[in-house]
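With the working numbering, the residue at position 29 of the sequence shown is 33, and numbering never jumps. Notes follow the structure.
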Amino acid sequence: MAGAVTLKVAVAVLAVGIAAVSLGGSLVGAQVHHVVGGDRGWDPSSDLASWSSGKTFRAGDKMWLAYSAAHGYIAEVTSKEEFESCDVTNPIRMFTDGLDSISIDNEGLRYFASSNVESCKKGLKLHVEVMPQSYQAPETSNSHVAESKGSAVVAAEGPKTPSGSAHLTASLMVLSFGLLCYALGI
């Protein structure tokens, strides 16, 4: 009899765990991992300004810096002035491992620059505005038009149907509820 109770408790704990995961972290802060520069990483051929535009960095997230020391190290600098002038002579921290993770704990501005001043001046630097964990990015319309000297670029509308992950989340919630009912003998 005790084994049946233990099994029910284990199933209930599993069901609650699955439900929490399937909610996608909406009940607790979900940590996002940002690989700076995407597939190219922190590289002179990366356009870090374009990569970071439109991304939301929140307190609790993590950034990953993947780079080759042959192109220089990465310095976190204190001020916008140091960032803009590529002055890395007095960094807060110098990243030298080639693969570094940075916990983003506090809100505010953070500045990162290549220790190779020439690369930095060519754009190998990144500033990040860290928002509160609860921050929700403002919604934008599905269609954007940008004009430049007689030409226009129109972005395509986003998908109108939910993604597969939305369907998976709903399925996991139903499964979790069923397992919980079974475990409680309902």
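Just so it is clear, CB atoms sit at the ideal spot from N, CA and C, and this is done for glycine as well.
The beta carbons of Thr82 and Tyr139 sit about 24 angstroms from each other, so the pair does not count as a contact at 8 angstroms. Under DSSP, Gly45 shares a beta bridge with no residue. When the alpha-carbon of His37 is set against those of Asp104, Lys125 and Ser118, the nearest one is in Asp104.
The stretch 84-95 and the stretch 35-49 do not touch, with fewer than three beta-carbon pairs separated by less than 8 angstroms. Of Val40, Lys66, Met67 and Ser72, the smallest CA-CA separation from Ser54 is found for Val40. Closest option to Gln137, judged by alpha-carbon separation, among Arg62, Ser57, Leu69 and Pro95: Arg62.
If the five residues before and after Cys124 are omitted, its C-beta is found closer than 7 angstroms to the C-beta atoms of Cys90, Ala117 and Ser118, all from its own chain and listed in chain order. Glu86 is not a Cβ neighbour of Arg97, given a cutoff of 8 angstroms. Fully enclosed alpha helix (DSSP H) runs of no fewer than 4 residues occupy 84-89 of the stretch 69-120, in order along the chain. Beyond the five residues adjoining it in sequence on each side, Gly102 comes within less than 8 angstroms, by CB distance, of Ala70, Tyr71, Ser72 and Ala73 in the same chain, given in chain order. Taking a 10 Å sphere around the C-beta of Asp65, we find 16 or more other C-beta atoms and assign the residue as buried.
With contacts defined by Cβ atoms closer than 8 angstroms, Asn110 and Val134 form a contacting pair. Under the criterion of beta carbons closer than 8 angstroms, Leu130 and Leu52 qualify as touching, at roughly 5 angstroms.
Per DSSP, the unbroken beta strand (DSSP E) holding Leu130 starts and ends at Lys129 to Met135.
Short of 6 angstroms from the beta carbon of Ser107, and not among the five residues preceding or following it, lie these beta carbons of its own chain, in chain order: Lys66.
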